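Following: one structure in structure tokens, then a few remarks.
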Amino acid sequence: MTGAVARINPAELSPPTGFSHAVTALGGRLVFLAGQTALDGAGKIVGDTLPAQFRQALANLLTALAAAGGAPADLARLTVYARDVADYRAHASELGRIWQEMAGRDYPAMAVIGIVRLWDEEAMVELEGIAVLP
């Protein structure tokens, strides 16, 4: 258990890769993190590839979390909205390395949802989450 969040991965389920099957959260303060895309500080989408955009979107999400007093290990839930799920799957290993580099080896409960488009037409991916602070 890290802080107020504990990850649960039952042996009866397929081994999780890059996510946790269940996450429990004890007490603390909830932080609802708005969807983040690859917008830079000037409000422009950066990155020509899904991994580049994922890196920026994750950086944005973690910046918002840090401003609320949290850390990556406090993430209990993450939803990924991807314009191209096949492209997301094709880059899964690289996206996992980006996650580990930026957020460590603690994974929240996650879902990847395919969507037609995002608010910013150039955006390929959006991340939103819920964190529990101790």
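Residue numbers (the numbering used here): 3 to 136.
Glycine is no exception: its CB is placed at the ideal position from the N, C-alpha and C atoms.
Model, not experiment: these values are computed from the prediction.
Take Val-82 as the anchor and find which of Pro-110, Thr-26, Gly-71 has the nearest alpha-carbon.
On the sequence shown, position 80 is the one that residue 82 refers to. Cα-wise, what sits closest to Val-82 is Pro-110.
So who's on the other strand from Ser-95, going by DSSP bridges?
Counting from one through the sequence shown, the residue named residue 95 turns up at place 93. According to DSSP, which records beta bridges pairwise, Ser-95 is partnered with nothing at all.
Spell out a yes or no on whether the stretch 67–79 and the stretch 100–115 are touching, meaning 3 or more CB-CB pairs, one atom from each, closer than 8 Å.
yes
Based on DSSP bridge pairs, tell me the residues matched to Thr-26.
Counting from one through the sequence shown, the residue named residue 26 turns up at place 24. Partner(s): Ala-8.
Would Gly-116 and Ala-69 be called neighbours here (beta carbons separated by less than 8 Å)?
Residue 116 sits at position 114 when you count from the first residue of the sequence shown. Residue 69 sits at position 67 when you count from the first residue of the sequence shown. Cβ atoms of Gly-116 and Ala-69: not closer than 8 Å.
Does the distance from the CB of Ile-47 to the CB of Glu-130 come in under 8 Å?
Taking the first residue of the sequence shown as position 1, residue 47 is located at position 45. Taking the first residue of the sequence shown as position 1, residue 130 is located at position 128. Their beta carbons are not under 8 Å apart, which means Ile-47 does not touch Glu-130 by this criterion.
Given a cut-off of 8 Å, decide if Trp-101 and Leu-135 are closer than it, judged by their beta-carbon atoms.
Sequence index remark: in the sequence shown, residue 135 carries index 133 (1-based). Sequence index remark: in the sequence shown, residue 101 carries index 99 (1-based). No, the pair does not count as a contact, with Cβ atoms beyond the cut-off.
What's the C-alpha gap between Ala-8 and Phe-34?
Here residue 8 is taken as the residue at index 6 of the sequence shown, counted from 1. Here residue 34 is taken as the residue at index 32 of the sequence shown, counted from 1. Approximately 18 Å, taken between the alpha carbons.
If we require 4 or more residues per run, which alpha helix (DSSP H) segments fall completely within the stretch 48–134?
52–69, 87–92, 94–105
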